[in-house]
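When we follow the UniProt record's numbering, the leftmost residue of the sequence shown carries the number 1, and every step to the right adds one.
Glycine included, C-beta positions come from ideal geometry on N, C-alpha and C.
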Amino acid sequence: MGKLLYQGHGSYRIVTDNGIVIYVDPFAGEGYDLPADLVLVSHEHPDHNKLSLLNQKKGCTILRPETILIGGVYGSRKIDDISIQAVPAYNAKHDKNHCVGYLIELDGIKIYASGDTSFTDYMSDVLSKEKIAYALLPIDGIFNMNPEEASKCAEVIGAIHTIPIHMKPGALFDRQIAQSFVSKGRLILAPKEEIIL
1 MGKLLYQGHG
11 SYRIVTDNGI
21 VIYVDPFAGE
31 GYDLPADLVL
41 VSHEHPDHNK
51 LSLLNQKKGC
61 TILRPETILI
71 GGVYGSRKID
81 DISIQAVPAY
91 NAKHDKNHCV
101 GYLIELDGIK
111 IYASGDTSFT
121 DYMSDVLSKE
131 KIAYALLPID
141 GIFNMNPEEA
151 SKCAEVIGAI
161 HTIPIHMKPG
171 ALFDRQIAQS
181 FVSKGRLILA
191 PKEEIIL
C-alpha cells in the first residue's frame, strides 16, 4: 500500500506501493530524505516550490504551471503507473493562469492535491464525479478559503477523506484551526504523521 506523509503547511510526500516518490509543494517540515521521482508544484510562491530541499533521481519529472497549463489548457501526464491531471486552482490571491491543482491517480486511488485555491466550478462540475479517496484543502482564510468555505468545498467534492492543510502563515500546523474545518471523513494530520493510503 502507498503512504502519505504530511510535512506541514502545504507540503506532503506520497510514496506509491511500488516505491515511486512524489513530493507536492515542497517547502515545509521534514521528510525530504527519499530521492524524488516526481515533484508537483502548484504555483511559484516561495512557500510551495523549494526544490533545493530535494534530491532528485535521474529522470525525475517536475510539473509546474508553466509546464502543464499551456494557453489555458490543463494538461495531463502519465508517469510510470501514475496519472496526473492538472486542474483549476485560483482565488483573489492566486492567478488562474499561473496556479494549478492536481488530480493524482495511483495504486487504484485518486488524490486531489488542490494547491492554493478557493471554491472553483471544477469542484462541482468534475471532481464531485471522480470518486476521490483523499482531498487536501487549504483552510488559512488569508491567502485561501477559510475553514467554513473549505468545509463546503469538501461537501461538494465528496472525497472519502478530506485533509485540511495550509492553516496559518508561518506555522507548520495549527490544531485549533484544523479542528474548525468540518467534513464527513475529515482526517487531521499533524506534521510527521504518515497514513497508509
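Measure the C-alpha to C-alpha separation of Val73 and Glu130 and round it to an integer number of angstroms. Rounded to whole angstroms, Val73 and Glu130 show a C-alpha spacing of 19 angstroms.
Would Lys50 pass as a contact of Pro35 if the rule is Cβ separation under 7 angstroms? For Lys50 and Pro35, no; Cβs fall outside 7 angstroms.
Neighbourhood of Ile20 by C-beta, 6 angstroms cutoff - its chain only, sequence neighbours within 5 removed: Sequence-distant partners of Ile20 (beyond 5 residues in either direction) whose C-beta falls short of 6 angstroms from its own C-beta, in its chain, are Asp37 and Asp80.
Closest by C-alpha distance to Cys60, when choosing among Gly71, Leu40 and Ile70: The shortest C-alpha separation from Cys60 is found at Leu40.
Less than 7 angstroms between the C-beta atoms of Ser128 and Ile157, yes or no? In this structure, Ser128 places its C-beta atom within 7 angstroms of the C-beta atom of Ile157.
Residue ranges of each beta strand (DSSP E) within the region 117-173, 3 or longer: Look at the region 117-173 and you find these whole runs of beta strand (DSSP E), each 3 residues long or longer: 134-138 and 161-165.
Can you check the region 16-51 for any beta strand (DSSP E) of at least 3 residues that lies completely inside it and give the ranges in chain order? Runs found: 21-24 and 36-40.
Cα separation between Met123 and Ile177? If I take the Cα positions, the gap works out to 23 angstroms.
Pick helix, strand or coil for Pro65, following the three-state DSSP scheme. Pro65 sits in a helix when the DSSP states are folded into three classes.
If you follow the beta strand (DSSP E) that Ala86 is in, where does it begin and where does it stop? Its beta strand (DSSP E) spans residues Ile82 to Pro88.
What's the C-alpha gap between Asn146 and Leu53? Near 29 angstroms, if we compare the C-alpha coordinates of Leu53 and Asn146.
Is the beta carbon of Tyr112 closer than 7 angstroms to that of Leu103? Pairing Leu103 with Tyr112 gives a Cβ-Cβ distance under 7 angstroms.
Note the first and the last residue of the continuous beta strand (DSSP E) segment covering residue 204. Lying outside 1 to 197, the shown extent of the chain, residue 204 is not represented and no answer is given.
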